[in-house]
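Note sheet for the following structure.
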Amino acid sequence: MSGDTFEREDINLYTENKILDIFDKYDDIKIFMIFGNHDYYDETISRFVNSFPKNVYVFKNNNLNFYELKNINTRIYGMSWTEKFNSNKKFKVELDPNFYNVFLIHEDLDNNENFYLKNNLSKLQFDYIALGHIHKKFQFKNIFNPGSLSPSSFKDTGEYGFNYVNLDNALKCEFIRSNNPSFIQINYDISNISKDDFIMYFNKLDKNNFYRIIISGYSKIKKIELESIFLHLQEKFLYIEFIDNSYFWDIEKINSIKNNLLFREILKNIELSDNKDKLIELFLEKIGESFEDN
0 MSGDTFERED
10 INLYTENKIL
20 DIFDKYDDIK
30 IFMIFGNHDY
40 YDETISRFVN
50 SFPKNVYVFK
60 NNNLNFYELK
70 NINTRIYGMS
80 WTEKFNSNKK
90 FKVELDPNFY
100 NVFLIHEDLD
110 NNENFYLKNN
120 LSKLQFDYIA
130 LGHIHKKFQF
140 KNIFNPGSLS
150 PSSFKDTGEY
160 GFNYVNLDNA
170 LKCEFIRSNN
180 PSFIQINYDI
190 SNISKDDFIM
200 YFNKLDKNNF
210 YRIIISGYSK
220 IKKIELESIF
230 LHLQEKFLYI
240 EFIDNSYFWD
250 IEKINSIKNN
260 LLFREILKNI
270 ELSDNKDKLI
280 ELFLEKIGES
290 FEDN
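Using numbering that gives the first Met the number 0, the letters of the sequence shown map in sequence onto residues 0 to 293.
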């Protein structure tokens with residue numbers, strides 16, 4: 000477990016007991032755990048950590064240490080955060096090639112600031128580096144990060160789960176997707192879409208995910224009807240929200256005024272403008288709003 004198992008600021012007795020119950024449930028499995036920037040280790044959480052069962056092995060400081068499992072010829076290395084905003088990125092290690100060497104580390108390697116650390120780590124002769132901190136799935140050479148087990152906001156898109164790693168002969172890493180709900184953002188162009196087609200599209204979606212729908216385009220469906228559809232769909236989904244940036248376009252009414260002299264004069268002036276596309280969009284938006292009001 001490569002850090003941020005819990006959120007220090009939000010942890011309570013219920014969370015502590017939940018974590019302990021999970022550890023107890025899998026008491027036949029050795030669990031190795033470091034602490035990250037959200038659950039950094041200090042005396043404040045020592046009481047809770049010291050109550051972990053014997054199958055949980057923790058790294059309590061920011062110096063590189065290891066546990067040796069002689070029966071499977073493996074060494075598990077790790078180092079923890081002991082403060083929220085600082086971690087020790089400097090370390091030296093001489094690995095014994097007669098062991099499988101695994102390293103638990105909690106760092107964001109996918110940025111320019113940590114470019115050196117990223118390349119330095121990949122050159123070390125660890126068989127497997129279990130990276131934490133980055134919420135999204137990530138791999139670089141012998142560095143693997145499965146990301147979070149589940150997403151927590153619409154910033155967290157894509158697949159979430161865990162890595163199943165086999166080191167028997169050669170490194171084999173299989174990503175197992177979790178069954179937790181996903182956060183999905185959909186950009187939906189409503190232009191030329193009928194009300195029935197609109198409803199049919201959303202009825203086909205998996206109702207057990209979190210959705211943010213951003214609607215754009217020129218709609219044939221009146222705003223008041225759209226709002227009614229939104230409410231109807233929200234009753235069916237675990238969570239769905241709509242951001243409506245569409246414009247109502249009543250073709251019959253537009254056709255009825257297209258020969259109007261004022262209308263034609265406005266369009267003529269727009270055509271001469273350097274910002275023609277934006278002005279047309281704003282003009283049609285205002286026409287749509289006036290039709291809605293009427």
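The beta-carbon is built from N, C-alpha and C at its ideal position, and this holds for glycine as well.
No experiment lies behind these values; they were computed from the predicted model shown.
- Straight-line spacing of the CA atoms in residue 237 and residue 36 works out to 31 Å.
- Taken through DSSP and simplified to helix, strand or coil, residue 135 comes out as coil.
- In the DSSP assignment, residue 105 forms a beta bridge with 131.
- A direct Cα-to-Cα measurement between residue 47 and residue 79 gives close to 16 Å.
- Taking 8 Å as the cut-off, the beta carbon of residue 92 is found no closer than this to the beta carbon of residue 126.
- Bridge pairing for residue 173: 163 [DSSP].
- Here residue 31 is near residue 75, since their CB atoms are less than 8 Å apart.
- With distances taken between CA atoms, residue 38 lies nearest to 132 out of 132, 159, 206, 98.
- Residue environment analysis places residue 96 among the exposed positions, since fewer than 16 neighbouring C-beta atoms fall within 10 angstroms of its C-beta.
- Residue ranges of uninterrupted beta strand (DSSP E) with 3 or more members, entirely inside the stretch 4 to 41 and ordered along the chain, are 30 to 32.
- Rounded to the nearest whole angstrom, the C-alpha separation of residue 180 and residue 61 is 34 Å.
- Nearest to residue 173 by C-alpha distance, out of 188, 65, 144, is 144.
- Among the bridge pairs identified by DSSP, residue 77 is matched with 64, 103.
- Residue 232 is classed as buried because its beta carbon has at least 16 other beta carbons within 10 Å across all chains shown.
- With distances taken between CA atoms, residue 166 lies nearest to 141 out of 59, 141, 150, 225.
- Between the stretch 187 to 202 and the stretch 215 to 228, the count of C-beta pairs closer than 8 Å reaches three or more; the two stretches touch.
- Between residue 33 and residue 54, the C-beta gap is not smaller than 8 Å, which leaves the two residues out of contact.
- Residue range 238 to 243 is occupied by the beta strand (DSSP E) that includes residue 240, with no alpha helix (DSSP H) assigned at that position.
- By the Cβ-count criterion, residue 65 is buried, with 16 or more other Cβ atoms from all chains shown falling within 10 Å of its own Cβ.
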